[in-house]
Amino acid sequence: MIPVMSAQRATPTTSPTNTMAPAAINETPRVDITALKAAAASDAPVVDLRKYAHFDNTPGIGTEFRAPGDYRDKSGKPAVSFRDMLDDPASLRALGKLVSERGVVFFRNTEISTEEQLKLVHALGVLGGKPDTSGLHVNPCTPPGQKEGDEVARISNSYVFGPQFKRDQSSILLRRVGKMGWHSDVTYEPVPADYACLTIRTVPETGGDTLWASAYEAYDRLSPPMRKFLEGLTALHKGLGFIQIAQKFGIPEFRENRGSPENVGQALEAVHPVIRTHPLTGWKGLFVNREFTQRIVELTPHESDELLQFLFDHVADNQDIQVRFKWEPNSVAIWDNRCTFHTATFDLDNVVREGTRGLSLGEKPFLDPNSVSRREALEKQGVKF
Ligand SMILES: [Fe+2]
């Protein structure tokens, strides 16, 4: 059975204008939930995607599959067809597992439509057991009635989610320092993201790379006393950047019904555990990010500022927990926001870089005190570090 069916979008209830009237459009694409849940509950062993030609980008994060016919591959393994995987629940289940373990997975020479991006991340989330109430995220600033669908995020180096929201980057001196961009997607929502799929459709000749960092490795590189301290803390996340955009461009209201019944309201804020357990892998990861985390709830403002600064730098400064990906035409990146951070590289001058992203919502973040770190779990399986 083919799990990913033709999308039949709800007819938008708003006209395509640039005004931000609240809209409760649920455009979650139709996927065959029954087939996906059956695959998720199957006793059959998860397909090992490592039987296909691939390489790990770094020891701790990132796996890239070789495109069919890639002259660089000497493994003798067959190349996997990403497009065939889209219609196979068993392969998608394996892909979701791999993404959650490796943080981010890359494919080359693969065309993917915006509709397929939405279906893919939603299917991965369903296969991973996300709540039935979690659909696809609608960004609070997305103009209603986009031709691609309101749940498609348009990614550009010159604007934020819509050409009318221009970035201030005419001069290199106005761009923020690169390390300031590290984040996990939409952590200001009570129900934040699990899987994301990004492709860059207008690829610059050079520059505009994306970087990801492992939240598992970030946790593993903290001392046991620091880990224990952080596990007793929660943090306030807030979408301040979007609030500033709304003020700057006169947006009267943010979008409501942003993919989950809990992702409503105009505050764009949520409190999450500082260390969270990944529901699929069972591994602990650091869950604060420079873009959205405002303060540690249980600490004084001064203590919170100092600790967050350390944790943000811990992610940005450790290039050995990061992977840097160079985009080519028809490259696809799929990542899990529950165990990674990412940032674009703003190194382009008068060059366009534009793409599209689909974003699935997961579950409310939680910490299972009995869960372990990635390295602890792998050591129990015999991996030596
Ligand atoms: Fe992002």
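Heads up, the sequence shown is in the numbering used here, so the first residue is 254 and it goes up one at a time. Cβ atoms here follow ideal geometry from the backbone N, Cα and C, with glycine treated the same way.
Item                                                                                                                                                   : Value
Keeping to the same chain, check which residues put their C-beta closer than 6 Å to that of Gly381; ignore five residues upstream and five downstream. : Gly349, Leu533
For chain C, check one thing: does any of its Cβ atoms lie closer than 8 Å to the Cβ of Lys419?                                                        : Any reference to chain C falls outside this structure, which holds one protein chain only.
Mapping the DSSP letters down to three states, classify Leu620 as helix, strand or coil.                                                               : coil
What is the rounded straight-line gap between the Cα of Gly398 and the Cα of Arg407?                                                                   : 13 Å
To the nearest angstrom, how far is the alpha carbon of Gln417 from that of Asn392?                                                                    : 15 Å
Beta carbon of Lys491, beta carbon of Glu522: below 8 Å?                                                                                               : yes
What residue from Thr463, Val300, His525, Arg420 has the CA that sits closest to Val550's CA?                                                          : His525
Grouping DSSP H, G and I as helix and E and B as strand, with all else coil, what is Thr455?                                                           : strand
What does the shell around ligand 1 hold, if a residue joins when its beta-carbon is under 6 Å from any heavy atom?                                    : His436, Asp438, His595
Taking the straight line between their C-alpha atoms, what separation do you get for Leu464 and Ser513?                                                : 28 Å
Among Ala297, Phe599, Asp337, Pro582, which residue has its Cα nearest to the Cα of Val430?                                                            : Phe599
Which partner residues of Phe578 appear in the DSSP bridge assignment?                                                                                 : Thr463
Roughly how many whole angstroms lie between the Cα atoms of Met479 and Thr596?                                                                        : 25 Å
Three-state secondary structure (DSSP) at Tyr324?                                                                                                      : coil
Would you give the residue range spanned by the alpha helix (DSSP H) that Ile504 belongs to?                                                           : Taken as a continuous stretch (DSSP letters only), Ile504 belongs to no alpha helix (DSSP H), as it is neither H nor E.
Please report the residue range of the alpha helix (DSSP H) in which Lys290 lies.                                                                      : 286-294
Which term fits Ser584, buried or exposed, when burial requires 16 or more other beta carbons within 10 angstroms of its beta carbon?                  : buried
For Glu369 versus Leu389, is the C-beta distance shorter than 8 Å?                                                                                     : no
In the DSSP assignment, what are the bridge partners of Cys450?                                                                                        : Ile587, Gly611
So, is Tyr324 buried or exposed, given that buried needs 16 or more other C-beta atoms within 10 angstroms?                                            : exposed
Have a look at Phe540 and Gly322 and give me their C-alpha separation to the nearest angstrom.                                                         : 39 Å
Less than 8 Å separating the beta-carbons of Thr455 and Arg361?                                                                                        : no
How is the beta strand (DSSP E) around Ser387 delimited, first residue to last?                                                                        : Segment: none, Ser387 is in no beta strand (DSSP E) and carries neither H nor E.
To the nearest angstrom, how far is the alpha carbon of Leu373 from that of Lys633?                                                                    : 32 Å
On the criterion of 16 or more Cβ atoms from any shown chain inside 10 Å, does His555 qualify as buried, or is it exposed?                             : exposed
Express the C-alpha separation of Leu289 and Thr440 in angstroms, rounding to a whole number.                                                          : 26 Å
What beta strand (DSSP E) runs, 3 residues minimum, are completely inside the segment 401-432?                                                         : 406-409
Alpha carbon to alpha carbon, how far is His531 from Asp602?                                                                                           : 38 Å
Curious, which full-length beta strand (DSSP E) runs of at least 3 residues does the segment 296-347 contain?                                          : 307-309, 316-318
For Trp536, which beta-bridge partners are listed by DSSP?                                                                                             : Val625
Rounding to the nearest angstrom, what Cα-Cα distance links Tyr448 and Val517 in this structure?                                                       : 20 Å
Give the secondary structure of Pro478 by DSSP, where H, G and I count as helix, E and B as strand, and everything else as coil.                       : helix
Where Asp621 and Ala471 are concerned, what is the direct C-alpha to C-alpha distance, given to the nearest angstrom?                                  : 18 Å
Just verifying my parser: in three-state terms, what is the DSSP assignment at Arg548?                                                                 : strand
Using CA coordinates, which residue listed in Thr487, Ser557, Leu612, Gly356 is at the minimum distance from Gly402?                                   : Leu612
Could you round the C-beta distance between Val299 and Arg346 to whole angstroms and report it? I think they count as a contact, below 8 Å.            : 6 Å
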